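Each residue of the sequence shown is one higher than the one before, starting from 1 at the first, in full-length UniProt numbering.
Below: one structure, written as structure tokens.
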Amino acid sequence: MRRTQVSPNNYTFPFVFRVCASSEAGSLILLGRVVHGEAVRAGFDSDLHVEAALVHMYAKWGDVIEFGEEIHGFHTADREHPYWEEVYREVEILAVKLKMAGHVPDLSCTLHDMEEEDKELALNLHSEKLAVAFGIMRTESGMTIYLTKNLRVCNDCHSALKFLSHIFDREIVVRDGNRFHHFKGGVCSCNDYW
């Protein structure tokens with residue numbers, strides 16, 4: 001676009017986001033994040049076409065969390081997000097709170113050739129836990145957290161989200177590859193069938 005002097009607008013930004021979303025194994029993740037920043041700086045972050053394309057792009061890569069006027073995308077073990085250090089610290093706090101509440105990590109949701117301690121760390125870095133940690137950090141107490149996920153929620157994350165909805169007295173709504181999950185008061189609307 002720069003070479004041809006095409007001005008970015010509410011049609012060109014979504015086109016770029018769709019190209020990034022369709023890239024092999026997320027090879028254009030970094031470009032998508034850079035262009036997202038440019039769209040925000042250009043004032044197109046609240047345009048419906050741009051927002052829809054952003055949600056699609058981030059959902060293809062991992063998880064999307066949206067609150068207020070902001071859309072944020074996460075993928076497992078994400079270190080590209082601008083707040084990743086704070087998010088990782090919050091995930092560590094959540095892991096302690098989950099253990100204190102009685103949550104037992106489901107280690108079967110990790111690779112089998114890992115040490116047990118590494119398996120727990122890997123589970124903590126699942127994209128939905130990163131997104132929920134970010135939501136807890138950035139929203140007021142009691143606000144509902146909404147996520148969109150491109151894959152099915154794993155057993156460990158499903159269990160953890162039930163616990164987190166109870167611990168923080170929040171509703172957490174997750175749309176995964178199969179269905180909507182409404183976590184509230186330690187219970188999921190799917191009755192643990194998904």
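Built from N, CA and C at the ideal position, the CB exists for glycine as well.
The structure presented is a predicted model; accordingly, all values stated were derived computationally and were not measured.
Residue i - partner residues in DSSP beta bridges
i	result
Y11	According to DSSP, Y11 bridges with nothing at all.
T139	Partner(s): none; T139 has no beta bridge.
C188	F183
Residue i burial status per 10 Å Cβ neighbour count (16 or more: buried)
i	result
S141	exposed
L164	buried
R170	buried
Residue i in three-state terms, based on DSSP
i	result
F180	strand
H36	helix
A122	helix
L111	coil
S22	coil
S46	coil
L28	coil
Length of the line joining the Cα atoms of residue i and residue j
i	j	result
M57	G43	19 angstroms
L130	V87	6 angstroms
H103	V187	13 angstroms
Q5	A52	25 angstroms
L161	E116	21 angstroms
I136	V34	25 angstroms
Alpha helix (DSSP H) segment containing residue i, residue limits
i	result
W84	84-100
A160	155-167
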